[in-house]
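Residue numbers in the sequence shown follow our numbering, run continuously in steps of one, and reach 291 at the last position.
Heads up, the beta-carbon is just placed ideally off N, CA and C, and yes, glycines get one too.
Please read these numbers as outputs of a predicted model, since none were measured by experiment.
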Amino acid sequence: MGILEDRAMEYRRRIPLPLWSSPLKPVSGLLPIAFLVMFLAGCAAFKGPPAGPPMGERQMEEALSRLQEQDGKVSSFYTRGNLFMRNWYGEEQSGIVIAGSKDPFRIKIEVTHGWGQPILHILIDQGKLEVLSFQDSTLYVGDFTPEALSRFLPGPLSPDLIWSALRGYPTVSPHSKVLSPGPERIDLYGAGNEKVETIQLGPETMHPERVLLPPQQVALMFSDFVESEGIFYAREVEVDHRKSRGKLLLKNEKMVFNRPVPDEVFTIDKPPGFTVSSLEEK
């Protein structure tokens, strides 16, 4: 059991663990890590602006201000939940525990079988990446880049995208122009007039339900929003990476925000008998 798993036990009574009856199938080499490359039904794509008038300038400013305010309210988080996946072996389900801090940017992810056996630990710590594969008996180490992480997750994922998906609420991309092509939809453009983000808000709640990031070819879907001490987050987040065709669904059972995260949480200890491999090695 990892340090993060131990930490999660502190609020485990408030976070009931589901029981799984069917085990994940063992696969050799790096392929087990591809269990995180999920092919879920459905599509997060935008099908064109919805019918109706676009948002006014003041409406867009207020909506973006709310999004940025929510982003600024969170400096750290713990979450415990489930990953749901569909691949060429069928549907799979695994447990997940995550801790994150914004400044410095640190993310620790522990993925386990339903009966508690660890599958994969991922640590992103200030520009460094460590991945402990229990099925490979290998600790992979190197510099963090979206491309390096894509060896283990569905497609390149930037720090902002990782934070948005795991925190359960999108960040607002840097932009120089804002337009609205339709009701509750906002397009953000960069300095070169390129579209950097599209945000679709819920018509009643005005929560960000769909986000498209053209530069990364990624779509995010947020649903089942809840509030905790003034902080909103989605209990279900779907990530659809268009280029790699990988999809994943994260279901948060419970999130705890802005609690101190000890430094020892952001560590990975190599078990006896495990080898070390550089991420730069192909």
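Can you give me the C-alpha to C-alpha distance between residue i and residue j, rounded to a whole angstrom?
| i | j | result |
| --- | --- | --- |
| VAL248 | ILE118 | 16 Å |
| GLY125 | PHE86 | 22 Å |
| THR147 | ASP169 | 28 Å |
| SER287 | ILE133 | 15 Å |
| GLY38 | GLU213 | Note that GLY38 scores 35 on pLDDT, short of 50, meaning its location in the model is unreliable and no value can be drawn from it. |
| PRO271 | ALA108 | 10 Å |
| ASP196 | VAL246 | 21 Å |
| MET215 | LEU221 | 16 Å |
| GLY123 | GLY90 | 11 Å |
| THR284 | SER167 | 27 Å |
| LEU210 | PRO179 | 11 Å |
| PRO224 | PRO183 | 13 Å |
| SER84 | LYS137 | 20 Å |
| TYR198 | MET69 | 14 Å |
| ALA243 | PHE234 | 4 Å |
| GLU71 | VAL181 | 13 Å |
| GLY282 | ASP145 | 11 Å |
| SER74 | PHE143 | 43 Å |
| TYR149 | ARG268 | 29 Å |
| TRP172 | SER237 | 18 Å |
| LEU257 | GLU206 | 20 Å |
Excluding five sequence neighbours on each side, which residues of the same chain lie with their C-beta closer than 6 Å to the C-beta of residue i?
| i | result |
| --- | --- |
| VAL120 | SER103, ILE105, ILE128, LEU129 |
| PRO165 | PRO155, GLU156, SER159 |
| LEU188 | ASP196 |
| VAL46 | Any reading at VAL46 is ruled out, since the residue's pLDDT is 36, under 50, leaving its predicted position unreliable. |
| THR88 | ILE107, ASN261, MET264 |
| GLU289 | GLY151 |
| MET64 | SER189 |
| ILE277 | HIS130, LEU132, GLU139, LEU141 |
| LEU40 | At LEU40 the pLDDT is 33, less than 50, meaning the model places this residue with poor confidence and gives no usable figure here. |
Apart from the five residues on each side of it in sequence, which residues of its chain come closer than 7 Å, Cβ to Cβ, to residue i?
| i | result |
| --- | --- |
| PRO280 | none |
| LYS252 | GLY164, GLN226 |
Counting contacts by CB-CB distance shorter than 8 Å, is residue i in contact with chain B?
| i | result |
| --- | --- |
| ASP169 | Considering every chain present, this structure includes no chain B. It has just one protein chain. |
If residue i and residue j are in contact, beta carbons under 8 Å, what's the gap, nearest whole angstrom?
| i | j | result |
| --- | --- | --- |
| VAL227 | HIS250 | 5 Å |
| GLY239 | LYS82 | 7 Å |
| LEU92 | LEU259 | 6 Å |
| GLN135 | PRO113 | 5 Å |
| PHE275 | ARG115 | 5 Å |
Find the nearest neighbour of residue i within the set the options, judged by alpha-carbon distance.
| i | options | result |
| --- | --- | --- |
| ILE314 | ALA200, LEU138, LEU229 | Lying outside 10 to 291, the shown extent of the chain, residue 314 is not represented and no answer is given. |
| GLU66 | GLU193, PHE143, ASP145 | GLU193 |
| ALA373 | PHE283, PRO190, ASN261, LYS186 | No statement about residue 373 is possible, as the shown extent of the chain runs from 10 to 291 and does not include it. |
| ALA177 | GLY191, GLU273, GLU218, GLN144 | According to the sequence shown, residue 177 is Gly rather than Ala. If we check each option's Cα against that of GLY177, GLU218 comes out closest. |
| SER185 | ALA200, PHE143, ASP233, GLU71 | ALA200 |
| PRO62 | PHE143, GLY191, TRP172, ARG244 | GLY191 |
| PHE153 | ILE277, ILE131, VAL205 | ILE131 |
Looking only at its own chain, which residues have a Cβ that is under 8 Å from the Cβ of residue i, when we skip the five neighbours before and after it?
| i | result |
| --- | --- |
| LYS204 | ASP196, LEU197, TYR198, PRO223 |
| PHE241 | GLN79, TYR178, HIS216, PHE234, VAL235 |
| ASN202 | LYS186 |
For a test of your reading of the model: does the CB of residue i fall under 7 Å from any non-hydrogen atom of the ligand MN? Yes or no.
| i | result |
| --- | --- |
| GLU213 | No copy of the ligand MN appears in this structure; indeed no ligand is present at all. |
### Entirely enclosed beta strand (DSSP E) segments - the stretch 100-154, minimum 3 residues
115-121, 127-134, 137-142, 147-152
### Query
Where in the stretch 162-231 do unbroken runs of the beta strand (DSSP E), each at least 3 residues long, occur, reported from the N-terminal end onward?
186-191, 194-198, 204-210, 217-222
### Message
Could you tell me which whole beta strand (DSSP E) segments of length 3 or greater appear in the stretch 226-276?
### Response
227-237, 240-250, 255-266
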